[in-house]
Amino acid sequence: LMIILLTVGLIFISFLIFLLAALNITHTFFMVIAERQSELGLLRAVGAKRGNIRSLVLAEAGFIGLVGAFLGIGLAHLGGIAADRFLECRVPEAIQQMCVPDFPFKPESFFLFEPWIIAAGFGTAILFALVGAYLPAWRASRMDPADALR
4 LMIILLTVGL
14 IFISFLIFLL
24 AALNITHTFF
34 MVIAERQSEL
44 GLLRAVGAKR
54 GNIRSLVLAE
64 AGFIGLVGAF
74 LGIGLAHLGG
84 IAADRFLECR
94 VPEAIQQMCV
104 PDFPFKPESF
114 FLFEPWIIAA
124 GFGTAILFAL
134 VGAYLPAWRA
144 SRMDPADALR
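All letters in the sequence shown, in the order written, are residues 4 to 153 by the working numbering.
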């Protein structure tokens, strides 16, 4: 029962983190849209349709999500390797007393990076970047070109 409650609590915290990340992305893209208002207004004035503006902003968000996924998964992998090395006591003599000694059924690695987990990480990063940028993209596409150029 305790493991189930802990798992449910961690899942709830994960969803809160995802929600905060999407809100942070939304706020950031609102700032980007405000800074690029004249550029987007000029695009609309020369014939870009609302869908083009929305697609442009969402494509930027997708690219940022992809780069974030590469960085996040890469740093997680490096952190997992560093933690495994520390737990295997393959560290300098000065800090070996802090290592975890061998114990029965000690796994080769404490971190599992299966392909489906990596794919889920990429999908989640891109999805939340797109979800977070949708409202600013919609608002940018609804902007009046004359007002944006002022």
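The beta carbon of each residue, even a glycine, is placed where N, CA and C say it ideally should be.
Close-in-space but distant-in-sequence residues of the same chain around residue i (CB under 8 Å, 5 per side omitted)
{"i": "cysteine 102", "result": "Phe89, Leu90, Glu91, Cys92, Val94"}
{"i": "alanine 86", "result": "Phe113, Phe114"}
Residue i, buried or exposed, once every other Cβ within 10 Å from all chains shown has been counted against 16
{"i": "leucine 60", "result": "What sits at residue 60 in the sequence shown is valine, not leucine. The residue in question, valine 60, is buried, as its Cβ has 16 or more Cβ neighbours within 10 Å."}
{"i": "glycine 68", "result": "buried"}
{"i": "arginine 153", "result": "exposed"}
{"i": "leucine 43", "result": "buried"}
{"i": "arginine 57", "result": "buried"}
{"i": "alanine 62", "result": "exposed"}
{"i": "isoleucine 6", "result": "exposed"}
{"i": "isoleucine 28", "result": "buried"}
Three-state class that DSSP yields for residue i in the structure shown
{"i": "aspartate 147", "result": "coil"}
{"i": "glutamate 42", "result": "helix"}
{"i": "glutamate 117", "result": "coil"}
{"i": "leucine 4", "result": "coil"}
{"i": "serine 112", "result": "coil"}
{"i": "valine 103", "result": "coil"}
{"i": "glutamate 91", "result": "coil"}
{"i": "arginine 142", "result": "helix"}
{"i": "arginine 57", "result": "helix"}
Same chain, Cβ closer than 6 Å to residue i, five either side skipped, listed in chain order
{"i": "phenylalanine 33", "result": "Pro139"}
{"i": "phenylalanine 125", "result": "Ala72"}
{"i": "isoleucine 36", "result": "Pro139, Ala143"}
{"i": "alanine 48", "result": "Pro148"}
Segment limits, alpha helix (DSSP H) that includes residue i
{"i": "alanine 51", "result": "Run containing alanine 51: none; DSSP gives neither H nor E here."}
Short CB-CB distance (under 7 Å) between residue i and chain C
{"i": "glycine 77", "result": "Looking at the structure shown, chain C is missing, and only one protein chain is on hand."}
**Request:** Check whether the region 73-85 touches the region 114-128, taking contact to mean three or more Cβ pairs, one atom from each stretch, closer than 8 Å.
**Result:** The way I'd put it, the region 73-85 does touch the region 114-128; three or more beta-carbon pairs between them come closer than 8 Å.
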